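Comments concern the structure below.
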Amino acid sequence: MRLFLISAFLSLFSGFFPLLAQKKNEQYQLHISRTTSPVVVDGVVDEPAWQAAEIASDFWMVLPMDTSHANVRTEVRMTYDDHNMYMSAVCYHGNVAGPYIVESLRRDWAFAKNDNFIFFMDTFDDQTNGFTFGTNAAGAQWDGLLYEGGKANLSWDNKWTSVVRNYADRYVLELAIPFKTIRYKRGISRWGINFSRQDLKTTEKSSWTPIQRQFPTASLALTGVLVWDQPPPQPGPNISLIPYALSGLTRDFQNNVPSKGRFDAGLDAKVAITSSLNLDLTVNPDFSQVDVDQQVTNLDRYELFFPEKRQFFLENGDQFTNFGYATIRPFFSRRIGLGGVPIRFGARLSGKLNKDWRIGIMDMQTGRVDNMGAGVDPLPAQNFAVVALQRRVSARSNVGMIFVNKESISYTPLTDKPTYTRFNRNLGLEYNLASANNFWSGKAMFVKSFSPDQLGNEAVYAANLQYNTRRWLISGQVESVGKNYTAEAGYVPRRGYQRGMATLGYTFLPPASGVLSHGPTLTSTYFFDPAGRQSDNESTLSYIVTFRAKSVFTAWVATDYVRLLQPFDPTNTGRETLATGTEHRWTAWGTDFDSKPQSVFTYGFSSRYGGYYDNGTRLNLTADLGYRFQPYVSLAASASYNDIRLPQPWGHTTFWLVGPRFDLTLTNKLYLTTFVQYNEQQKNMNLNARIQWRYKPASDFFLVYTDNYLPNSAQIGQDVPGFFSVKNRALVLKWTYWWNI
């Protein structure tokens, strides 16, 4: 059955090669020439270089409609010298009075909540990978890596400079990007390029090239062409050293452990082997500056996913971590070095071999951990090695291979039953389809795992195909994951199943009304166990209404069927479990609403009510509030309430999850963030306060303060040592410096 379905999808894929034709917006070309005079990045575009530069203007409207030129005017110019590429953007205000709209001066802001200008560079002209840079109207920076044809990873960070100046009728952005910051093919004189503008007061999003409304302006298939007067300069020796030093204090109040001091130092290095191939090295890395994960109420039967944010794993990381699907990842870098496991050293070689070939090789070594608990084997030192190779096929499609090896070093079990495996390996192949017109996309993949005791049924087969136009969304996906398939260095929360999923959606586009678009979407998913019997089904019918003011309302109804394949506690609190083989059916409905982002006060809410396991009921209410004193202060609060009613022994259970957040951005280089999270299900309250000072591009001071509180200590009258009694506390000071040799 699974081979038949995969074969059917592959036969469909083979028919789409004629669609992988010439680049759609080839006629949109901007010529860039070397400047003969200096450019000062100050937000005043009066240098002779700008007067001589070609102008990109006459932007196209993407939203609210995608059939005409933009009403809000934007002018873009580009030039370069031996060391930097320069860009200026003059963003004129529209016909709606009022100040610009921004969240704050924090980096990598939310696109939908800021007046902004950003642009996208396809430096290999392969319509698959690239870079994005820009600012909001107050000057807060945005930078990221583009992958899979138009998705952005904003956790990436690098060296560049920008200045924004505001005037009565416009704001002006001027920026400089060193050639050492980006990767590009030696000798290439044509890059993909596009510019995107958002003006929230007029609710207009625009693009230099025409883009249909269902696609993001980051779509690399729809970029124009940046034509160089000569190939971009080679950056010369390109070596960056990034040392860090860290000191801190920790104290465990719960176990009456006195304060402990710590000091660490380490080094990252970036070496450009070529202008498109980079070697990253790290010794004794530390990731303490990473934002705390946002907590959730977990009522799922399987492991939750939290994204990677550590810088070392990000550049060209899509080739490793995006192989496969969201719930079938042979490699997931967060398996390395979290939870107190030290990373000793690591290396990664990644980038382009030429226009058609990409390569990624990574090797990471972790240290031994002895204190794993009474009677538990010490965690041995482990080595993680990954090799990924990708070959472009036609205009935008590619074929990829990945090999993942996790190996325990000098591991001797304490008993006859090992706690850890000696090795776990994964070998995978995939084909990624992407049409030139961006309407068709898909994937077909095969992965097999290898372990010391081969048991059979250790393979994964999967494929999907999607058709997405202005009005229609049609997709289908099939998966088959063997019951003994294992990816110890990956993220595969569920094994031993076959899955089929289909989605059908239609969008109505009413002319000249307060509603921008509306339409239904039907999604149905079926799971089958290894014997071919149905184990799960969820079918959801939703209706989405998007208003011209950019607020969005969704209503949905869903039916669920679950036959448990293993015991499950429906409250996920370690209580009694429902038995394997029991069947559960229910119907639920819900709503979601997000207010228009133009207001300084924003809000959203969602609701869910209906059946639950064992003929129970579940009510979920969630609210998000935000207020800003732009551009310096952003206040936000979220609250989620779950009311679960089940027969005994669970009875009536409620969970609160509350998370207020305070952001103070004194400048676009100095931030204070305070985030409080109270999770009743996990019986934890956490406070995280962080000051970050970016004293030079990509160089920072961090001061991080963290408190964890004892269960129920925030509730008056509980039998705990005191109100807000601290469980443990940490204070960390960290310094990093980016030094280009």
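The sequence shown begins at 1 in the UniProt record's numbering and counts up one residue at a time.
Glycine included, every Cβ here is placed at the ideal spot set by N, Cα and C.
Everything numeric in this text was worked out from a predicted model, so none of it was measured.
DSSP places Asp318 in the helix class (H, G or I) of the three-state scheme.
Gln466 and Lys443 have their C-alpha atoms some 9 Å from each other.
Of Tyr167, Asn136, Leu105 and Lys151, the smallest CA-CA separation from Tyr92 is found for Tyr167.
Pairing Asn298 with Tyr641, the inter-Cα distance amounts to about 12 Å. Look at the region 658-706 and you find no whole run of alpha helix (DSSP H) that is 4 residues long or longer. Using a 10 angstroms sphere on the CB of Tyr184, the tally of other CB atoms reaches 16 or more, which defines it as buried. Contact annotation: Ser196 and Phe117 have beta-carbon atoms nearer than 9 Å. Contact between Val72 and Thr202 holds, with the beta-carbon distance rounding to 6 Å and staying under 8 Å. Ranked by Cα distance from Thr674, the first of Ala637, Lys406, Arg645 and Arg585 is Ala637.
Burial state of Trp739 is exposed, judged by a 10 Å Cβ sphere holding fewer than 16 other Cβ atoms. Distance from the Cα of Pro413 is smallest, within the candidate group Val376, Trp440, Thr321 and Phe384, for Val376. Secondary structure in the region 579-639: no alpha helix (DSSP H) run of 4 residues or longer lies completely within the stretch. Setting aside the 5 residues that flank it on each side, Asp592 is surrounded in the same chain by Thr554 and Ser606, each with a C-beta closer than 6 Å to its C-beta; the list follows chain order. Per DSSP, the unbroken beta strand (DSSP E) holding Ala265 starts and ends at Val257 to Thr274. Distance from the CA atom of Asn238 to the CA atom of Pro232, rounded to whole angstroms, is 15 Å.
In the same chain as Pro378, and ignoring 5 residues on each side of it, the C-beta atoms closer than 7 Å to its own belong to Arg368, Val369, Asp370 and Met372, in chain order. As a beta-bridge residue in DSSP terms, Lys448 pairs with Leu427 and Ala459. Comparing alpha-carbon positions, the option among Asn426, Lys417, Val393 and Asn398 lying closest to Glu407 turns out to be Asn426. In this chain, Trp738 is not harboured by any alpha helix (DSSP H), its DSSP state being neither H nor E. Counting the other CB atoms within 10 Å of its CB gives Lys23 a total of 16 or more, which places it among the buried residues.
With distances taken between CA atoms, Ser595 lies nearest to Lys113 out of Lys113, Gln294, Leu509 and Asp81. Excluding the 5 residues flanking it on each side, Ser475 has same chain C-beta neighbours closer than 6 Å at Gln466 and Thr503, in chain order. Tyr561 and Thr469 have their alpha carbons spaced roughly 32 Å apart.
A buried status is given to Asn424, since no fewer than 16 other beta-carbon atoms sit within 10 Å of its beta-carbon.
Within the model, the alpha-carbon separation for Glu174 versus Tyr678 is close to 42 Å.
Separation of Val478 and Arg533 (C-alpha to C-alpha, rounded to the nearest whole angstrom) is 16 Å. The DSSP-derived three-state label of Arg301 is coil. When rounded, the separation of the alpha-carbon atoms in Ala689 and Leu731 is 10 Å.
A straight line joining the alpha-carbon of Phe568 with that of Asn432 spans about 36 Å. Each of Asp453, Ser517 and Thr507 was checked against the Cα of Thr486, and the nearest Cα belongs to Asp453. Beta-carbon to beta-carbon, Asp363 and Gly346 are separated by about 6 Å, close enough to satisfy the 8 Å threshold. Counting along the chain, Gln51 sits inside the alpha helix (DSSP H) bounded by residues Pro48 to Ala52. Assigned with DSSP and collapsed to three states, Leu226 falls in strand.
A distance below 8 Å between beta-carbons, with the five flanking residues on each side excluded, links Arg170 to the following residues of its chain, in chain order: Val90, Cys91, Tyr92 and His93. In the DSSP assignment, the residues bridged to His518 are Phe508 and Val545.
Taking C-beta separations shorter than 8 Å and ignoring five residues to either side along the sequence, the partners of Trp357 in its chain run Leu389, Gln390, Arg391 and Arg392, following chain order.
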